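Step one of this worksheet: look at the structure below.
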Amino acid sequence: MTIYDIAEIAGVSASTVSRVINNKPGVGLETRQKIMKLMENYNYSPNAIARGLVNRSSKTIGILVADIRNIHHIDGAYYIERELIAQGYCCIILNTGNEDADKVNAIEILHRRRVEGVVMMGSIFQCKEVEEAIARCMSDIPVAIVNGWLDLPNVYGILSDEMGGVVSCVDHLISRGHKKIAFVCDRPSNPSNTLKERGYFSCAEKLGMELKDWGYRTENTLEGGEEATLQILNDHPDVEGIIYAVDLLAVGGLQVLHGRNIQVPDQVAVVGINDSTYAQICTPTLTSLDNKRMDASVMAARILVDHICGKKTANRVMLLPDLVVREST
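According to my numbering, the sequence shown is numbered sequentially starting from 51.
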């Protein structure tokens, strides 16, 4: 069933049916009701893509996620999609991978799909290649980056104070009597991880330690957390606290500590970052830094809609994280 079939049955022109579909004036009430009744009877649904070409509005938003297996980012994408659906938009979610060339390719795909806006999940999109691709392909549509920012007029950054957040994690451990504190960060390197590391290393004076020997990097997997924790215990058997840059690493660390019969938090206290589901279901439950990913994600969606509707919004917003204290400290 097409617009032309509806027009033939109703005995009107296709342009008249089009005006009814798009709620335009110029159609009598009786004719309008007749056409709407026919569309209902025949379960007719207008082609959204074709309407978009006419109206220059695709009602589609692209969401880019570097690794769809990352629970923190895909949770954020979920909140974004639900918010946008409530506003009448549909979403295309692309899993870009970590390579810059693949991120650029995803941007070009969304450009060809004529999306009206884009949300990028994570600071891994805060790089020169992505900036150049946005300037080339998307200079006329809004782009929001959750926990990242690029200096372009159409880019909006919803940031979390991750440097200050890690400092608060260290202060919390100190308040619990732990001062020999290690830090485990995940790969690959990105602006978010850099800020977390800066927060940790800025605490050297209050810890009275040479922290360069207490910082570790590993893959963002359960096994990565286990391996880094084993290395810490080998290098620093007197460790009193460990901060992990993501909760998944901390869960791996807790398994190692449990296997070594090391009491948490009495002997070694453990802190994660993201306040994900992992923090609530592990044993003991994990103290974790809530960097406001849900709030940032919903805000990103609303910023895009506001921009599309012609409203002015700030190009950068900073959210302050909260430490959620549980059994591991």
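C-beta: ideal position from N, C-alpha, C; glycine also.
Note that the structure is a prediction, hence the values are computed from the model and not measured.
- Annotation: F175 is outside any beta strand (DSSP E) and is labelled neither H nor E by DSSP.
- Counting along the chain, the unbroken alpha helix (DSSP H) around D152 starts and ends at D150 to R162.
- In the three-state reduction of the DSSP assignment, V355 falls in the helix class, which pools H, G and I.
- Between L223 and G291, the gap from beta carbon to beta carbon is short of 7 angstroms.
- Under the three-state reduction of DSSP, T335 is assigned to coil, being neither helix nor strand.
- When only Cα atoms are considered, Q176 and S63 end up about 51 angstroms apart.
- Under the Cβ criterion (8 angstroms, minimum of three pairs), the stretch 156 to 176 counts as touching the stretch 354 to 369.
- Around I208, the same chain offers V196, A346, M349, A350 and V367 as residues with beta carbons nearer than 6 angstroms, after the five sequence neighbours per side are excluded.
- If you compare the alpha carbons of S326, T333, L369 and S378 with that of H123, the shortest gap goes to S326.
- V314 is not a Cβ neighbour of P287, given a cutoff of 7 angstroms.
- Sorting G302, P203, G322 and Y266 by C-alpha distance to the C-alpha of D372 places G322 at the top.
- By the neighbour-count criterion, in which 16 or more other beta carbons inside 10 Å mark a residue as buried, D221 falls on the exposed side.
- For G302, DSSP assigns no beta-bridge partner whatsoever.
- In the same chain as E179, and ignoring 5 residues on each side of it, the C-beta atoms closer than 6 angstroms to its own belong to D150 and V154, in chain order.
- In this structure, S242 and S173 form a Cβ contact; the two beta carbons are roughly 4 angstroms apart against a cut-off of 8 angstroms.
- Residue state for V289 is assigned as coil, using DSSP reduced to three classes.
- Apart from sequence neighbours up to five positions away, the residues of its chain that approach E273 with a beta-carbon distance below 8 angstroms are G302, ordered along the chain.
- Non-local C-beta neighbours of G198 in its own chain, meaning closer than 8 angstroms and more than five positions away in sequence, comprise M170, G172, S173, I174, F175, Q176, G207, L209, P241 and S242, ordered along the chain.
- With 16 or more other CB atoms across the displayed protein chains lying within 10 angstroms of its CB, E131 is buried.
- Taking the C-beta atoms as reference points, L339 is found nearer than 7 angstroms to G215.
- When DSSP states are grouped into helix, strand and coil, S210 belongs to the strand group.
- Rounded to whole angstroms, the gap between the alpha carbons of K246 and K361 is 33 angstroms.
- If you look at Y94, you'll find it isn't in any beta strand (DSSP E); DSSP assigns it neither H nor E.
- Looking at S252, D190, I184 and L144, the one whose alpha-carbon comes closest to that of I358 is D190.
- Between V318 and A300 a beta carbon distance of about 11 angstroms is seen, past the 8 angstroms cut, so the two are scored as non-contacting.
- Less than 7 angstroms divides the Cβ of R82 from the Cβ of V70.
- Shown here, V77 sits in coil according to DSSP, grouped into three states, outside any helix or strand.
- A direct Cα-to-Cα measurement between V296 and I53 gives close to 52 angstroms.
- Judged by DSSP secondary structure, A232 falls within the beta strand (DSSP E) whose first and last residues are I231 to D236.
- With respect to the C-alpha of M89, the residue from N284, L280 and E58 having the closest C-alpha is E58.
- If you draw a straight line from the Cα of Q330 to the Cα of V374, it is about 10 angstroms long.
- Take the alpha-carbon of Q281 and the one of T379: they are about 21 angstroms apart.
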